[in-house]
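The sequence shown begins at 92 in the numbering used here and counts up one residue at a time.
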Amino acid sequence: MKFFRLIWKNVFRKKTRMVLTTGSIVLVLVLIVVLVSLLNAMEADPSGGRGANRLVVQHATGLASFLPLSQRQRIEQIPGVVAVSPEIWFGGVYKDDRPENFFGQLSADPQIFFDKIFDDAMIDPAANAEWKATRNGFVAGQNLVTKFGWKKGDHVQLRGTYIPVTLDLIYIGKYRAGDESNIFFHNEYLNQSKWFGANRVTGIYYMKVASTQDLPRVAAAIDRMFENSDAPTKTMTEKQFQAQFMEMMGNIKGLIRWISLVILFAVTLIVANTVAMSARERVTEISVMRVLGFRRSHVLSFILSESVLMSLLGGLVGVVLAKFVIIPGMVKGMQTTPMAPFLINFRVTWQVLLAAFGISVGVGVLAGFVPAIRSSQLRIVDGLRQVV
92 MKFFRLIWKN VFRKKTRMVL TTGSIVLVLV LIVVLVSLLN AMEADPSGGR GANRLVVQHA
152 TGLASFLPLS QRQRIEQIPG VVAVSPEIWF GGVYKDDRPE NFFGQLSADP QIFFDKIFDD
212 AMIDPAANAE WKATRNGFVA GQNLVTKFGW KKGDHVQLRG TYIPVTLDLI YIGKYRAGDE
272 SNIFFHNEYL NQSKWFGANR VTGIYYMKVA STQDLPRVAA AIDRMFENSD APTKTMTEKQ
332 FQAQFMEMMG NIKGLIRWIS LVILFAVTLI VANTVAMSAR ERVTEISVMR VLGFRRSHVL
392 SFILSESVLM SLLGGLVGVV LAKFVIIPGM VKGMQTTPMA PFLINFRVTW QVLLAAFGIS
452 VGVGVLAGFV PAIRSSQLRI VDGLRQVV
(Lines of atoms letter the chains of each structure in order from A and count residues from 1; the text may use other names and numbers.)
(Lines give C-alpha, C1' and ligand atoms only; values in the text may rest on other atoms or scores of the structure.)
Protein backbone atom coordinates (compact mmCIF):
# COMPACT_ATOMS: atom_id res chain seq x y z
CA MET A 1 0.00 0.00 0.00
CA LYS A 2 2.95 2.39 0.44
CA PHE A 3 3.24 2.66 -3.36
CA PHE A 4 -0.48 3.23 -3.94
CA ARG A 5 -0.02 6.96 -4.62
CA LEU A 6 2.56 6.18 -7.29
CA ILE A 7 0.25 3.62 -8.90
CA TRP A 8 -2.67 6.08 -8.78
CA LYS A 9 -0.59 8.83 -10.41
CA ASN A 10 0.50 6.51 -13.21
CA VAL A 11 -3.08 5.43 -13.90
CA PHE A 12 -4.12 9.07 -14.40
CA ARG A 13 -0.94 10.08 -16.22
CA LYS A 14 -2.81 10.29 -19.55
CA LYS A 15 -6.29 11.36 -18.44
CA THR A 16 -8.00 11.21 -21.83
CA ARG A 17 -6.73 7.71 -22.56
CA MET A 18 -7.61 6.57 -19.06
CA VAL A 19 -11.17 7.96 -19.28
CA LEU A 20 -11.79 6.33 -22.67
CA THR A 21 -10.44 2.97 -21.52
CA THR A 22 -12.35 3.07 -18.25
CA GLY A 23 -15.47 4.09 -20.17
CA SER A 24 -15.25 0.96 -22.29
CA ILE A 25 -15.04 -1.13 -19.12
CA VAL A 26 -18.06 0.71 -17.70
CA LEU A 27 -20.15 -0.06 -20.79
CA VAL A 28 -19.16 -3.72 -20.73
CA LEU A 29 -19.90 -4.15 -17.01
CA VAL A 30 -23.25 -2.38 -17.34
CA LEU A 31 -24.22 -4.68 -20.20
CA ILE A 32 -23.12 -7.84 -18.39
CA VAL A 33 -24.78 -6.91 -15.08
CA VAL A 34 -28.05 -6.00 -16.82
CA LEU A 35 -28.11 -9.15 -18.96
CA VAL A 36 -27.26 -11.51 -16.10
CA SER A 37 -29.75 -9.80 -13.75
CA LEU A 38 -32.45 -10.02 -16.42
CA LEU A 39 -31.73 -13.72 -16.93
CA ASN A 40 -31.91 -14.33 -13.17
CA ALA A 41 -35.22 -12.43 -13.01
CA MET A 42 -36.69 -14.53 -15.81
CA GLU A 43 -35.67 -17.75 -14.07
CA ALA A 44 -36.89 -16.67 -10.61
CA ASP A 45 -40.24 -17.59 -9.07
CA PRO A 46 -42.68 -14.81 -10.16
CA SER A 47 -44.50 -14.94 -6.81
CA GLY A 48 -41.31 -14.81 -4.75
CA GLY A 49 -42.11 -18.23 -3.28
CA ARG A 50 -45.65 -17.29 -2.27
CA GLY A 51 -47.12 -19.32 -5.11
CA ALA A 52 -45.05 -22.42 -4.43
CA ASN A 53 -48.16 -24.58 -3.98
CA ARG A 54 -49.96 -23.43 -7.14
CA LEU A 55 -50.23 -25.47 -10.32
CA VAL A 56 -51.16 -24.60 -13.89
CA VAL A 57 -52.84 -27.15 -16.17
CA GLN A 58 -52.66 -26.57 -19.92
CA HIS A 59 -53.28 -28.66 -23.02
CA ALA A 60 -50.38 -31.02 -23.70
CA THR A 61 -49.91 -29.57 -27.19
CA GLY A 62 -49.58 -25.99 -25.96
CA LEU A 63 -51.46 -22.88 -24.97
CA ALA A 64 -53.09 -22.54 -28.39
CA SER A 65 -55.39 -25.49 -27.61
CA PHE A 66 -58.37 -25.38 -25.27
CA LEU A 67 -59.31 -27.76 -22.46
CA PRO A 68 -62.89 -28.95 -21.85
CA LEU A 69 -64.59 -27.44 -18.79
CA SER A 70 -65.76 -30.92 -17.83
CA GLN A 71 -62.24 -31.64 -16.59
CA ARG A 72 -62.60 -29.16 -13.72
CA GLN A 73 -64.88 -31.33 -11.61
CA ARG A 74 -62.64 -34.37 -11.99
CA ILE A 75 -59.54 -32.35 -11.03
CA GLU A 76 -61.29 -30.99 -7.93
CA GLN A 77 -61.89 -34.55 -6.71
CA ILE A 78 -58.16 -35.36 -6.55
CA PRO A 79 -56.97 -35.47 -2.89
CA GLY A 80 -54.89 -32.43 -2.00
CA VAL A 81 -56.55 -30.03 -4.46
CA VAL A 82 -57.86 -26.92 -2.67
CA ALA A 83 -59.46 -24.97 -5.51
CA VAL A 84 -59.50 -24.84 -9.32
CA SER A 85 -60.26 -21.79 -11.46
CA PRO A 86 -60.68 -21.99 -15.25
CA GLU A 87 -58.89 -19.11 -17.00
CA ILE A 88 -58.96 -17.81 -20.55
CA TRP A 89 -56.51 -15.33 -22.04
CA PHE A 90 -58.82 -12.88 -23.83
CA GLY A 91 -56.13 -10.90 -25.66
CA GLY A 92 -58.43 -8.02 -26.55
CA VAL A 93 -57.54 -4.57 -27.88
CA TYR A 94 -57.89 -1.62 -25.52
CA LYS A 95 -58.29 1.74 -27.33
CA ASP A 96 -55.95 0.83 -30.22
CA ASP A 97 -53.20 -1.57 -31.28
CA ARG A 98 -50.31 0.44 -29.85
CA PRO A 99 -47.99 -1.66 -27.64
CA GLU A 100 -48.35 0.76 -24.71
CA ASN A 101 -52.06 -0.15 -24.48
CA PHE A 102 -51.39 -3.88 -24.24
CA PHE A 103 -51.92 -5.72 -20.94
CA GLY A 104 -52.92 -9.14 -19.67
CA GLN A 105 -56.68 -9.87 -19.72
CA LEU A 106 -57.79 -13.06 -18.00
CA SER A 107 -61.15 -14.50 -17.11
CA ALA A 108 -61.40 -16.29 -13.77
CA ASP A 109 -63.82 -17.61 -11.17
CA PRO A 110 -64.25 -14.62 -8.81
CA GLN A 111 -65.85 -16.72 -6.08
CA ILE A 112 -62.57 -18.48 -5.31
CA PHE A 113 -59.80 -16.65 -7.16
CA PHE A 114 -58.56 -14.21 -4.52
CA ASP A 115 -59.95 -16.19 -1.58
CA LYS A 116 -58.43 -19.59 -2.25
CA ILE A 117 -55.95 -19.48 -5.14
CA PHE A 118 -54.32 -16.06 -5.52
CA ASP A 119 -54.66 -15.46 -1.78
CA ASP A 120 -51.19 -13.90 -1.43
CA ALA A 121 -52.40 -10.85 -3.41
CA MET A 122 -53.63 -7.82 -1.49
CA ILE A 123 -57.14 -6.68 -2.37
CA ASP A 124 -59.69 -4.71 -0.38
CA PRO A 125 -62.32 -7.17 0.94
CA ALA A 126 -65.12 -4.80 -0.09
CA ALA A 127 -63.74 -4.58 -3.63
CA ASN A 128 -63.40 -8.37 -3.78
CA ALA A 129 -67.01 -8.82 -2.63
CA GLU A 130 -68.27 -6.25 -5.16
CA TRP A 131 -66.30 -7.94 -7.92
CA LYS A 132 -67.95 -11.26 -7.08
CA ALA A 133 -71.39 -9.64 -7.33
CA THR A 134 -70.77 -7.64 -10.52
CA ARG A 135 -70.94 -9.90 -13.56
CA ASN A 136 -69.19 -7.44 -15.89
CA GLY A 137 -66.81 -6.08 -13.25
CA PHE A 138 -63.05 -6.39 -13.31
CA VAL A 139 -60.12 -5.83 -10.96
CA ALA A 140 -56.74 -4.59 -12.14
CA GLY A 141 -53.16 -4.51 -10.89
CA GLN A 142 -51.98 -1.30 -9.26
CA ASN A 143 -49.54 -0.55 -12.10
CA LEU A 144 -52.31 -0.62 -14.70
CA VAL A 145 -54.61 1.53 -12.58
CA THR A 146 -51.86 4.12 -12.18
CA LYS A 147 -50.99 4.04 -15.89
CA PHE A 148 -54.52 4.42 -17.26
CA GLY A 149 -55.98 6.45 -14.40
CA TRP A 150 -59.02 4.22 -13.97
CA LYS A 151 -61.57 5.27 -11.35
CA LYS A 152 -64.20 3.07 -9.75
CA GLY A 153 -67.15 2.70 -12.08
CA ASP A 154 -65.20 3.50 -15.25
CA HIS A 155 -66.24 1.53 -18.33
CA VAL A 156 -63.46 -0.22 -20.24
CA GLN A 157 -64.11 -1.79 -23.63
CA LEU A 158 -61.97 -4.65 -24.92
CA ARG A 159 -62.31 -5.64 -28.57
CA GLY A 160 -61.70 -9.34 -29.02
CA THR A 161 -59.19 -10.72 -31.48
CA TYR A 162 -59.20 -14.52 -31.61
CA ILE A 163 -62.39 -14.49 -29.51
CA PRO A 164 -64.66 -12.33 -31.71
CA VAL A 165 -66.63 -10.48 -29.03
CA THR A 166 -66.40 -7.04 -27.40
CA LEU A 167 -66.44 -6.84 -23.61
CA ASP A 168 -67.84 -3.80 -21.80
CA LEU A 169 -66.26 -4.05 -18.35
CA ILE A 170 -66.65 -1.90 -15.23
CA TYR A 171 -63.63 -1.16 -13.06
CA ILE A 172 -64.27 -2.30 -9.46
CA GLY A 173 -60.93 -2.09 -7.66
CA LYS A 174 -57.23 -2.86 -7.65
CA TYR A 175 -55.02 -5.59 -6.29
CA ARG A 176 -51.37 -5.54 -5.22
CA ALA A 177 -49.03 -8.42 -6.02
CA GLY A 178 -45.69 -9.17 -7.62
CA ASP A 179 -47.19 -8.99 -11.11
CA GLU A 180 -49.56 -6.03 -11.41
CA SER A 181 -49.88 -5.99 -15.20
CA ASN A 182 -53.14 -7.97 -15.55
CA ILE A 183 -56.88 -7.53 -15.18
CA PHE A 184 -59.30 -10.27 -14.11
CA PHE A 185 -62.98 -10.50 -15.05
CA HIS A 186 -65.78 -13.07 -14.75
CA ASN A 187 -65.76 -16.30 -16.69
CA GLU A 188 -69.56 -16.09 -16.74
CA TYR A 189 -69.54 -12.67 -18.40
CA LEU A 190 -67.33 -13.98 -21.21
CA ASN A 191 -69.50 -17.07 -21.62
CA GLN A 192 -72.74 -15.09 -21.90
CA SER A 193 -71.40 -13.61 -25.13
CA LYS A 194 -72.03 -17.01 -26.76
CA TRP A 195 -68.55 -17.24 -28.28
CA PHE A 196 -67.64 -20.54 -29.94
CA GLY A 197 -66.28 -22.05 -26.72
CA ALA A 198 -68.81 -20.62 -24.26
CA ASN A 199 -69.48 -22.95 -21.32
CA ARG A 200 -67.52 -25.69 -23.07
CA VAL A 201 -63.80 -24.96 -22.91
CA THR A 202 -61.14 -23.00 -21.04
CA GLY A 203 -57.56 -21.99 -21.75
CA ILE A 204 -55.90 -23.24 -18.58
CA TYR A 205 -56.75 -24.34 -15.06
CA TYR A 206 -55.11 -22.28 -12.34
CA MET A 207 -55.20 -24.21 -9.09
CA LYS A 208 -53.90 -24.47 -5.56
CA VAL A 209 -52.96 -27.61 -3.65
CA ALA A 210 -52.76 -28.15 0.09
CA SER A 211 -48.96 -28.23 0.36
CA THR A 212 -45.82 -28.22 -1.74
CA GLN A 213 -45.32 -31.91 -0.90
CA ASP A 214 -48.53 -32.65 -2.83
CA LEU A 215 -47.36 -30.95 -6.04
CA PRO A 216 -45.66 -33.92 -7.79
CA ARG A 217 -48.42 -36.35 -6.85
CA VAL A 218 -51.29 -34.06 -7.90
CA ALA A 219 -49.58 -33.03 -11.15
CA ALA A 220 -48.91 -36.65 -12.09
CA ALA A 221 -52.47 -37.67 -11.17
CA ILE A 222 -53.99 -34.98 -13.42
CA ASP A 223 -51.85 -35.88 -16.41
CA ARG A 224 -52.52 -39.62 -15.96
CA MET A 225 -56.25 -38.95 -15.69
CA PHE A 226 -56.45 -37.33 -19.13
CA GLU A 227 -53.52 -38.88 -21.01
CA ASN A 228 -55.78 -41.04 -23.23
CA SER A 229 -58.52 -38.44 -23.67
CA ASP A 230 -59.16 -36.02 -26.53
CA ALA A 231 -57.55 -33.28 -24.42
CA PRO A 232 -54.39 -34.59 -22.70
CA THR A 233 -52.89 -32.20 -20.17
CA LYS A 234 -49.53 -30.88 -19.10
CA THR A 235 -49.43 -29.83 -15.45
CA MET A 236 -46.63 -27.67 -14.06
CA THR A 237 -45.83 -25.32 -11.22
CA GLU A 238 -46.36 -21.59 -11.56
CA LYS A 239 -42.61 -21.10 -11.95
CA GLN A 240 -42.37 -23.75 -14.68
CA PHE A 241 -45.33 -22.18 -16.47
CA GLN A 242 -43.51 -18.87 -16.72
CA ALA A 243 -40.23 -20.56 -17.66
CA GLN A 244 -41.79 -22.04 -20.79
CA PHE A 245 -42.26 -18.53 -22.18
CA MET A 246 -38.50 -18.09 -21.94
CA GLU A 247 -38.00 -21.36 -23.79
CA MET A 248 -40.12 -20.00 -26.64
CA MET A 249 -37.52 -17.25 -27.09
CA GLY A 250 -34.77 -19.80 -27.72
CA ASN A 251 -31.53 -20.41 -25.86
CA ILE A 252 -31.40 -17.02 -24.12
CA LYS A 253 -28.92 -18.25 -21.53
CA GLY A 254 -26.47 -19.43 -24.19
CA LEU A 255 -26.86 -16.21 -26.15
CA ILE A 256 -26.13 -14.08 -23.08
CA ARG A 257 -23.11 -16.23 -22.25
CA TRP A 258 -21.61 -15.82 -25.72
CA ILE A 259 -22.32 -12.07 -25.84
CA SER A 260 -20.62 -11.67 -22.46
CA LEU A 261 -17.55 -13.66 -23.53
CA VAL A 262 -17.14 -11.71 -26.76
CA ILE A 263 -17.38 -8.27 -25.16
CA LEU A 264 -15.10 -9.36 -22.30
CA PHE A 265 -12.49 -10.49 -24.81
CA ALA A 266 -12.79 -7.17 -26.65
CA VAL A 267 -12.45 -5.03 -23.53
CA THR A 268 -9.49 -7.12 -22.34
CA LEU A 269 -7.69 -6.29 -25.59
CA ILE A 270 -8.54 -2.60 -25.14
CA VAL A 271 -7.19 -2.49 -21.59
CA ALA A 272 -4.11 -4.52 -22.59
CA ASN A 273 -3.35 -2.03 -25.35
CA THR A 274 -3.67 0.89 -22.94
CA VAL A 275 -1.39 -0.72 -20.35
CA ALA A 276 1.17 -1.68 -23.01
CA MET A 277 1.24 1.89 -24.37
CA SER A 278 1.69 3.27 -20.86
CA ALA A 279 4.55 0.84 -20.15
CA ARG A 280 6.32 1.64 -23.43
CA GLU A 281 6.16 5.36 -22.71
CA ARG A 282 7.91 4.78 -19.36
CA VAL A 283 10.75 2.51 -20.43
CA THR A 284 13.42 5.01 -19.36
CA GLU A 285 11.57 5.83 -16.16
CA ILE A 286 11.32 2.14 -15.26
CA SER A 287 15.05 1.68 -15.88
CA VAL A 288 15.86 4.65 -13.61
CA MET A 289 13.69 3.07 -10.90
CA ARG A 290 15.69 -0.14 -11.28
CA VAL A 291 18.93 1.85 -10.88
CA LEU A 292 17.53 3.39 -7.69
CA GLY A 293 17.00 -0.06 -6.18
CA PHE A 294 13.53 -1.17 -7.27
CA ARG A 295 13.48 -4.88 -8.05
CA ARG A 296 11.90 -6.66 -10.99
CA SER A 297 9.06 -7.77 -8.71
CA HIS A 298 8.33 -4.11 -7.93
CA VAL A 299 8.00 -3.26 -11.62
CA LEU A 300 5.82 -6.31 -12.20
CA SER A 301 3.49 -5.40 -9.32
CA PHE A 302 3.31 -1.72 -10.36
CA ILE A 303 2.22 -2.42 -13.95
CA LEU A 304 -0.16 -5.19 -12.91
CA SER A 305 -1.67 -3.05 -10.13
CA GLU A 306 -2.24 -0.16 -12.55
CA SER A 307 -4.12 -2.46 -14.90
CA VAL A 308 -6.24 -3.95 -12.09
CA LEU A 309 -6.94 -0.51 -10.58
CA MET A 310 -8.12 0.84 -13.93
CA SER A 311 -10.42 -2.17 -14.41
CA LEU A 312 -11.78 -1.91 -10.86
CA LEU A 313 -12.61 1.77 -11.31
CA GLY A 314 -14.50 0.97 -14.49
CA GLY A 315 -16.21 -1.97 -12.82
CA LEU A 316 -17.27 0.12 -9.82
CA VAL A 317 -18.81 2.83 -11.98
CA GLY A 318 -20.49 0.22 -14.19
CA VAL A 319 -22.04 -1.65 -11.26
CA VAL A 320 -23.28 1.57 -9.64
CA LEU A 321 -24.86 2.71 -12.92
CA ALA A 322 -26.50 -0.67 -13.51
CA LYS A 323 -27.81 -1.08 -9.96
CA PHE A 324 -29.05 2.43 -9.23
CA VAL A 325 -29.80 3.94 -12.65
CA ILE A 326 -30.17 1.51 -15.57
CA ILE A 327 -32.11 -1.37 -13.98
CA PRO A 328 -34.50 0.82 -11.89
CA GLY A 329 -35.18 2.84 -15.04
CA MET A 330 -35.92 -0.30 -17.06
CA VAL A 331 -38.26 -1.65 -14.37
CA LYS A 332 -40.15 1.63 -14.14
CA GLY A 333 -40.43 1.97 -17.89
CA MET A 334 -41.71 -1.58 -18.46
CA GLN A 335 -44.06 -2.04 -15.49
CA THR A 336 -47.14 -2.14 -17.72
CA THR A 337 -45.64 -3.89 -20.74
CA PRO A 338 -45.73 -7.61 -21.67
CA MET A 339 -42.28 -7.87 -20.06
CA ALA A 340 -43.62 -6.91 -16.62
CA PRO A 341 -44.09 -10.49 -15.32
CA PHE A 342 -40.42 -11.19 -16.08
CA LEU A 343 -39.21 -8.08 -14.22
CA ILE A 344 -40.70 -8.85 -10.81
CA ASN A 345 -37.30 -10.01 -9.52
CA PHE A 346 -35.22 -7.77 -11.81
CA ARG A 347 -32.53 -6.48 -9.46
CA VAL A 348 -28.79 -6.72 -8.92
CA THR A 349 -28.06 -9.40 -6.33
CA TRP A 350 -24.93 -9.64 -4.19
CA GLN A 351 -23.86 -12.64 -6.23
CA VAL A 352 -23.97 -10.56 -9.42
CA LEU A 353 -22.10 -7.72 -7.68
CA LEU A 354 -19.32 -10.02 -6.55
CA ALA A 355 -19.14 -11.62 -9.99
CA ALA A 356 -18.89 -8.18 -11.62
CA PHE A 357 -15.98 -7.16 -9.40
CA GLY A 358 -14.36 -10.54 -9.99
CA ILE A 359 -14.65 -9.96 -13.74
CA SER A 360 -13.07 -6.51 -13.31
CA VAL A 361 -10.09 -7.99 -11.46
CA GLY A 362 -9.80 -10.78 -14.03
CA VAL A 363 -9.79 -8.33 -16.94
CA GLY A 364 -7.14 -6.24 -15.18
CA VAL A 365 -4.88 -9.22 -14.51
CA LEU A 366 -5.20 -10.66 -18.02
CA ALA A 367 -4.74 -7.29 -19.69
CA GLY A 368 -1.74 -6.31 -17.59
CA PHE A 369 0.05 -9.63 -17.38
CA VAL A 370 2.07 -9.49 -20.64
CA PRO A 371 3.04 -5.76 -20.37
CA ALA A 372 4.01 -6.29 -16.72
CA ILE A 373 6.21 -9.31 -17.54
CA ARG A 374 7.90 -7.51 -20.43
CA SER A 375 8.56 -4.38 -18.35
CA SER A 376 9.96 -6.37 -15.41
CA GLN A 377 12.30 -8.33 -17.71
CA LEU A 378 13.67 -5.21 -19.40
CA ARG A 379 17.46 -4.83 -18.99
CA ILE A 380 18.46 -1.54 -17.37
CA VAL A 381 21.01 -0.68 -20.05
CA ASP A 382 18.48 -1.31 -22.84
CA GLY A 383 15.91 0.88 -21.15
CA LEU A 384 18.30 3.78 -20.59
CA ARG A 385 19.45 3.84 -24.20
CA GLN A 386 15.89 3.99 -25.59
CA VAL A 387 14.34 7.32 -26.46
CA VAL A 388 10.53 7.31 -26.21
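No residue lacks a Cβ here, since even glycine has one placed at the ideal position from N, Cα and C.
Pairwise C-alpha distance: residue j and residue i
i: residue 205; j: residue 134; result: 25 Å
i: residue 146; j: residue 103; result: 58 Å
i: residue 376; j: residue 109; result: 19 Å
i: residue 312; j: residue 282; result: 29 Å
i: residue 131; j: residue 179; result: 28 Å
i: residue 214; j: residue 232; result: 10 Å
i: residue 270; j: residue 165; result: 30 Å
i: residue 187; j: residue 120; result: 39 Å
i: residue 472; j: residue 352; result: 41 Å
i: residue 126; j: residue 255; result: 39 Å
i: residue 113; j: residue 358; result: 10 Å
i: residue 371; j: residue 407; result: 27 Å
i: residue 293; j: residue 159; result: 6 Å
i: residue 302; j: residue 321; result: 30 Å
i: residue 175; j: residue 208; result: 8 Å
i: residue 50; j: residue 402; result: Nothing in the structure corresponds to residue 50, since the chain is present only between 92 and 479.
i: residue 315; j: residue 360; result: 57 Å
i: residue 276; j: residue 295; result: 15 Å
i: residue 369; j: residue 118; result: 22 Å
i: residue 261; j: residue 439; result: 39 Å
i: residue 423; j: residue 257; result: 31 Å
i: residue 356; j: residue 239; result: 45 Å
i: residue 105; j: residue 398; result: 14 Å
i: residue 298; j: residue 190; result: 30 Å
i: residue 149; j: residue 413; result: 37 Å
i: residue 279; j: residue 425; result: 31 Å
i: residue 394; j: residue 128; result: 33 Å
i: residue 291; j: residue 161; result: 8 Å
For residue i, the residue or residues it bridges with in DSSP
i: residue 258; result: 249
i: residue 231; result: 265, 274
i: residue 146; result: 298, 328
i: residue 213; result: 267
i: residue 180; result: 197
i: residue 158; result: 293
i: residue 172; result: 300
Buried or exposed by the 16-neighbour rule on C-beta atoms within 10 Å, applied to residue i
i: residue 111; result: exposed
i: residue 333; result: buried
i: residue 183; result: buried
i: residue 217; result: exposed
i: residue 253; result: exposed
i: residue 349; result: exposed
i: residue 345; result: exposed
i: residue 373; result: buried
i: residue 300; result: buried
i: residue 100; result: exposed
i: residue 405; result: buried
i: residue 247; result: buried
i: residue 382; result: exposed
i: residue 338; result: exposed
i: residue 467; result: buried
i: residue 220; result: exposed
i: residue 442; result: exposed
i: residue 107; result: exposed
*Of all the beta strand (DSSP E) runs that stay within the bounds of the segment 304–340, which reach a length of 3 or more residues?*
324–328
*Quick one: any contact between the segment 191–205 and the segment 312–329, if contact means 3 or more CB pairs under 8 Å?*
no
*Three-pair Cβ contact test at 8 Å for the segment 150–166 versus the segment 440–458*: no
*the segment 303–320 / the segment 170–177 touching (three or more Cβ pairs under 8 Å)*: yes
*Counting pairs of beta carbons, one from the segment 285–299 and one from the segment 451–460, are three or more of them closer than 8 Å?*
no
*Any chance the segment 404–421 sits against the segment 456–468, with 3 or more Cβ pairs inside 8 Å?*
no
*If you scan the segment 395–454 from start to end, which runs of the alpha helix (DSSP H) of 4 or more residues do you find wholly inside it?*
With a minimum length of 4 residues, the continuous alpha helix (DSSP H) runs that stay inside the segment 395–454 are 418–424.
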